[in-house]
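Visitor:
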Amino acid sequence: MTPGTTSPADLAARAADLSWYHTVELAPGVLTNGHFDTRPTVAKVPMPADLTGKRCLDVGTWDGFWAFEMERRGAASVTAIDIEDPTRWDWPPQSNFGEAYTGRLGYLSTFKSGAASFGLAKEALGSSVERLDCSVYDLDPAVHGTFDFVFLGSLLLHLRDPIRALDRVRSVCGGEAVFAESIELIPSLTHPRTAIARLEGLDQSWWWQPNAAGFRRMVRSAGFTIEEQTGIYFLPLGTAHPKPPLTQAWRRLGTAGGRERIVTRVKGIPHTAVRARPLT
Ligand SMILES: C[S@@+](CC[C@H](N)C(=O)[O-])C[C@H]1O[C@@H](n2cnc3c(N)ncnc32)[C@H](O)[C@@H]1O
Numbered sequence: 059m060t061p062g063t064t065s066p067a068d069l070a071a072r073a074a075d076l077s078w079y080h081t082v083e084l085a086p087g088v089l090t091n092g093h094f095d096t097r098p099t100v101a102k103v104p105m106p107a108d109l110t111g112k113r114c115l116d117v118g119t120w121d122g123f124w125a126f127e128m129e130r131r132g133a134a135s136v137t138a139i140d141i142e143d144p145t146r147w148d149w150p151p152q153s154n155f156g157e158a159y160t161g162r163l164g165y166l167s168t169f170k171s172g173a174a175s176f177g178l179a180k181e182a183l184g185s186s187v188e189r190l191d192c193s194v195y196d197l198d199p200a201v202h203g204t205f206d207f208v209f210l211g212s213l214l215l216h217l218r219d220p221i222r223a224l225d226r227v228r229s230v231c232g233g234e235a236v237f238a239e240s241i242e243l244i245p246s247l248t249h250p251r252t253a254i255a256r257l258e259g260l261d262q263s264w265w266w267q268p269n270a271a272g273f274r275r276m277v278r279s280a281g282f283t284i285e286e287q288t289g290i291y292f293l294p295l296g297t298a299h300p301k302p303p304l305t306q307a308w309r310r311l312g313t314a315g316g317r318e319r320i321v322t323r324v325k326g327i328p329h330t331a332v333r334a335r336p337l338t
């Protein structure tokens, strides 16, 4: 499809049949019903404004929001990797597709592989991004070559071995990388210089939740030098994300998890991003 050749109503109807992680503007006024709205974070993430002529990689692309952003910034080519089959994700074994999913994490079962939503967005935007079914753990310069710019967002928390993943990114990074990740808010504020990571690893979908200093340490320990780190910013929930009533959250105000939940409900998921280069 050439952008603009399908009517906005048709596009909206096709988009409504799919599940979306990102809020993507498929055409003027046609927004996808995403679980997260990454649009306000574009101005916070230190992605180079000009990627003209660069070979770029988006790791864990889902609907492709960040891959399309790199293309908009002039990238010569963008490769986007993801795992098509969610059962191959590296989630904690007890956060499988069974009970945990149908209980308090029930809404997660509404997530499908992003291949279909990515495909529609690619078509609507007239994009040339190439999507590969590939785990970050399998990035290999002998297979994929090297990239001038790599973006990885909100993925490390879902990985058992985030340092190995970063190490694989380093192996294909011939220039700069930006890592934009979820962090724990309160230990980031109370321990700004001490690297801390809390292990979850049971029924939630994540393993490690670092504070901002812990995240910085992960990147450095995988062999990168950090050129810039943002302050804490928040990734807002999208229209598809369930929003439990605040009254429920207030009852858990006495616990760290409860406090983090209130922040998420009101502001979104706390994040920080770094711009880094492989050590030579
Ligand atoms: C929380 S979403 C983040 C989406 C996007 N990167 C962003 O920052 O908005 C995590 C994405 O990583 C993908 N993913 C999960 N495990 C992966 C792995 N081992 N290698 C590559 N991608 C993975 C998921 O399918 C999903 O698309």
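First residue of the sequence shown: 59, per the working numbering; consecutive thereafter.
In this text, a Cβ means the ideal position worked out from N, Cα and C, and glycines have one as well.
1. How big is the Cα-Cα spacing for Lys-102 and Leu-224?
2. Give the straight-line distance between the Cα atoms of Arg-251 and Pro-199, rounded to the nearest whole angstrom.
3. Please classify Asp-108 as buried or exposed, where buried requires at least 16 neighbouring CB atoms within 10 angstroms.
4. If Lys-112 and Asp-206 are in contact, beta carbons under 8 Å, what's the gap, nearest whole angstrom?
5. Under 8 Å between the Cβ atoms of Thr-64 and Tyr-291?
6. Please state the DSSP three-state secondary structure of Leu-217.
7. Do Thr-119 and Ala-138 have their C-beta atoms within less than 8 Å of each other?
8. Is the separation between the beta-carbon of Phe-282 and that of Arg-335 shorter than 8 Å?
9. Could you give the first and the last residue of the continuous alpha helix (DSSP H) run that contains Glu-242?
10. With DSSP as the reference, label Val-82 as helix, strand or coil.
11. Taking the alpha carbon of Asp-148 as the reference point, which residue from Cys-114, Ser-193, Lys-180, Glu-188 has its own alpha carbon closest?
Guide: Short version:
1. Position 44 of the sequence shown, counted from the start, is the residue given in the question as residue 102. Position 166 of the sequence shown, counted from the start, is the residue given in the question as residue 224. Looking at the two C-alpha atoms, the distance is approximately 21 Å.
2. Sequence index remark: in the sequence shown, residue 251 carries index 193 (1-based). Sequence index remark: in the sequence shown, residue 199 carries index 141 (1-based). Roughly 34 Å between the two C-alpha positions.
3. As a working note, residue 108 is residue 50 in the sequence shown. Answer is exposed; the Cβ neighbour count stays below 16.
4. Within the sequence shown, residue 112 is the residue found at index 54, counting from 1. Within the sequence shown, residue 206 is the residue found at index 148, counting from 1. Between Asp-206 and Lys-112 the Cβ distance is about 4 Å, and since that is below 8 Å, they are a contact.
5. Within the sequence shown, residue 64 is the residue found at index 6, counting from 1. Within the sequence shown, residue 291 is the residue found at index 233, counting from 1. In this structure, Tyr-291 does not lie closer than 8 Å to Thr-64 by Cβ.
6. As a working mapping, residue 217 is identified with position 159 in the sequence shown. Leu-217: coil per DSSP, three-state reduction.
7. Numbered from 1 along the sequence shown, position 61 holds the residue referred to as residue 119. Numbered from 1 along the sequence shown, position 80 holds the residue referred to as residue 138. Cβ distance < 8 Å, so Thr-119 and Ala-138 count as in contact.
8. Here residue 282 refers to the residue found at position 224 of the sequence shown. Here residue 335 refers to the residue found at position 277 of the sequence shown. Their beta carbons are under 8 Å apart, which means Phe-282 touches Arg-335 by this criterion.
9. By 1-based counting over the sequence shown, the position of residue 242 is 184. Neither: Glu-242 is in no alpha helix (DSSP H) and is coded neither H nor E.
10. Residue numbering aside, residue 82 sits at position 24 when the sequence shown is read from its first letter. In the structure shown, Val-82 sits in coil (DSSP, three-state: anything other than H, G, I, E or B).
11. Locating residue 148 in the sequence shown gives position 90, where the first residue counts as 1. The option with the nearest alpha carbon to Asp-148 is Ser-193.
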